[in-house]
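In the working numbering, each residue's number is its place in the sequence shown (first place is 1) plus 1116.
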Amino acid sequence: KEQQDLEDNQLRLNVINKETEAQIKQLIVQSKKRGLSDEERIKILERANALEVQNFELNKAQFNAELKNAEAVILSKAKISKAELDLFFSEKSTADQRAEIQAKVDDYEEEFKRYSDLRIEKADEQGASLVLQEKLQNRLAGVEIDREERSEKAAAAREKANEKASAAQQKA
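Have a look at this one:
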């Protein structure tokens, strides 16, 4: 029952992911309109960032539920403790300890593989969180860079105009 609920929720989440992706892309395109002020662009990008974070958190919660379920399945079927399971994946375990635990899970290879794969994905997810943070910062940094470039061009234009005015005054 719990596995079926997780699968149903994943299907629902797949739809939400696609719809949210489309919204984010639309907001990013909207933020690139030249007629917008930097503040307007930043607000739009902040909305896109908030959607992306919200979507990431939904996926993370779903993933954590799947991992918890896979863990419960292997613990109950192989009749091992959480401590034994954690020890198996620890660098602190000895070869004998791993062999003993492996013997207990051998009859449940499919369930154990699913749990192992999810643990690997968990590590990948932590990296994905950092990538997301960088991506969100870069979006907003782009607006700041554009602002600085416009400011530098305006300062150069003012300086050039001042030089022309000074040259004209000296001629007069």
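Ideal Cβ positions, reconstructed from N, Cα and C, are used throughout, including at glycine.
- Task: Could you pull out every residue in the same chain whose Cβ sits closer than 7 angstroms to the Cβ of Lys1176, ignoring the five residues on either side in sequence?
- Result: If we look at Lys1176 and ignore the five residues flanking it on each side, its Cβ neighbours are Glu1241.
- Message: Among the candidates Glu1137, Arg1230 and Leu1161, whose CA atom is the shortest distance from the CA of Ile1144?
- Response: Leu1161
- Task: My understanding is that Leu1201 touches Glu1187, with C-beta atoms under 8 angstroms, so please give their C-beta distance in whole angstroms.
- Result: Going by Cβ atoms, the distance from Leu1201 to Glu1187 rounds to 7 angstroms, so yes, they are a contact pair.
- Query: Just to confirm, are Lys1193 and Asp1222 a CB contact at a threshold of 9 angstroms?
  - Reply: no
- Under a Cβ-count criterion, where at least 16 other Cβ atoms within 10 Å of its own Cβ denotes burial, should Phe1205 be classed as buried or exposed? exposed
- Give a yes or no on whether the C-beta atoms belonging to Ile1196 and Ile1217 are separated by under 9 angstroms. yes
- Is the distance from the Cβ of Ala1164 to the Cβ of Ser1147 below 9 angstroms? It is a contact, given that the beta carbons lie within the stated cut-off.
- Message: In the DSSP assignment, the alpha helix (DSSP H) including Leu1203 goes from what residue to what residue?
- Response: Lys1198 to Phe1204 is the extent of the alpha helix (DSSP H) around Leu1203.
- Length of the line joining the Cα atoms of Glu1265 and Glu1137: 30 angstroms
- Message: Between Gln1178 and Leu1129, how many whole angstroms is the CB-CB distance? I'm expecting something under 8 angstroms.
- Response: 5 angstroms
- So, Glu1168 versus Ile1140, is the Cβ gap smaller than 9 angstroms? yes
- Task: Measure the CB-CB distance between Gln1120 and Glu1182 and report whether it falls below 9 angstroms.
- Result: no
- My guess is that Ile1158 and Leu1248 are in contact by the Cβ rule of under 8 angstroms, so how many angstroms apart are they, rounded? No, Ile1158 and Leu1248 are not in contact; Cβ-Cβ is about 18 angstroms, not under 8 angstroms.
- Run through the region 1129–1199 for me and flag every whole alpha helix (DSSP H) of 4 or more residues, listed as ranges in chain order. 1154–1194
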